């Protein structure tokens, strides 16, 4: 039985299950979905500009036998924009912590895509005993891949009149190998993202160094990446390295372009738990 909490904004009854939908986070409402029963829970964190729907097909295959929680970080989906405008990775990690603490998840598998992978890794580094396993989906690797001068150039471009050209060019690059329907969907979602949020999160991701958390979390890890994210600077080659799987014929949103292959890889990893 799932216990209700006073901090929950809303609940949904679905086929006899109680699905909590939102909770008071550090700077506003944090939305999430809690579905299924059994096994060690799996917690999904979306990418920048994403929402819980990005995991819909993957979730559907898991909920018959496992509890699945999907979280929308501040400013994403139905979650409120932070009142203080704070989009630091360490701060978004508190959104994740708020939900898993409310739900009483003592041990779970974390799956994070892109920005969500950085948040998941940060949480695992801060709470290694609670994370049974960590799956990082096409997430950022070594920040030194881009020299500081080049990172500064990107940040300055976002603050200039070239903002639209810079962002759309980057998103086009990420979606170059995506299916047409996925590309159309994602471009609509990304272009709706507020400028202030784009600038702050992009800056965070350009500077985020995952090495400390990789050293702290020594549990089972898996990277699922595109061929473009399988170079010497890739996350799975930092520190001591860890296993990875490559999904071809997909853009940055692997789980949307190749859901069946993604699901098969994830389910094999989850067999350990």
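In this note's numbering, the protein residues as written are 248 to 520. Yeah, the Cβ is synthetic: ideal placement off N, Cα and C, and Gly gets one too. Computed from a prediction, not measured in an experiment: that's the story for all the values here.
Own chain partners of residue i with C-beta closer than 6 Å, once the 5 adjacent residues on each side are dropped
{"i": "residue 294", "result": "360, 361, 362, 363"}
{"i": "residue 453", "result": "398"}
Residues near residue i in its chain [Cβ-Cβ closer than 7 Å; skip 5 each side]
{"i": "residue 442", "result": "410"}
{"i": "residue 450", "result": "402"}
{"i": "residue 278", "result": "268, 269, 319, 324, 325, 326"}
{"i": "residue 519", "result": "380, 467"}
Cβ neighbour criterion (16 or more within 10 Å) applied to residue i
{"i": "residue 400", "result": "exposed"}
{"i": "residue 490", "result": "exposed"}
{"i": "residue 306", "result": "buried"}
{"i": "residue 281", "result": "buried"}
{"i": "residue 383", "result": "buried"}
{"i": "residue 459", "result": "exposed"}
{"i": "residue 385", "result": "buried"}
Residue i CB to nearest heavy atom of the ligand HEM below 6 Å
{"i": "residue 469", "result": "As far as ligands go, the structure on display features none, and thus does not contain the ligand HEM."}
Any C-beta of chain D under 7 Å from that of residue i
{"i": "residue 480", "result": "Absent from the structure is chain D; it holds one protein chain and no more."}
Endpoints, the beta strand (DSSP E) within which residue i is located
{"i": "residue 470", "result": "468-472"}
{"i": "residue 281", "result": "276-282"}
{"i": "residue 459", "result": "Per DSSP, residue 459 belongs to no beta strand (DSSP E); it is in the alpha helix (DSSP H), 458-463."}
{"i": "residue 289", "result": "289-292"}
Cβ distance (whole Å) where residue i is taken to contact residue j below 8 Å
{"i": "residue 494", "j": "residue 501", "result": "5 Å"}
{"i": "residue 380", "j": "residue 467", "result": "4 Å"}
Residue i: first and last residue of the uninterrupted alpha helix (DSSP H) it sits in
{"i": "residue 382", "result": "Unbroken run through residue 382 is the beta strand (DSSP E), 378-384; no alpha helix (DSSP H)."}
{"i": "residue 307", "result": "303-309"}
{"i": "residue 319", "result": "Run containing residue 319: none in the alpha helix (DSSP H); it sits in the beta strand (DSSP E), 315-319."}
For residue i, three-class secondary structure by DSSP
{"i": "residue 355", "result": "strand"}
{"i": "residue 514", "result": "helix"}
{"i": "residue 491", "result": "strand"}
{"i": "residue 271", "result": "strand"}
{"i": "residue 521", "result": "Since the displayed the chain opens at 248 and closes at 520, residue 521 lies outside it and no answer follows."}
Sequence-distant residues of its chain with Cβ nearer than 8 Å to residue i (five each side left out)
{"i": "residue 330", "result": "274, 275"}
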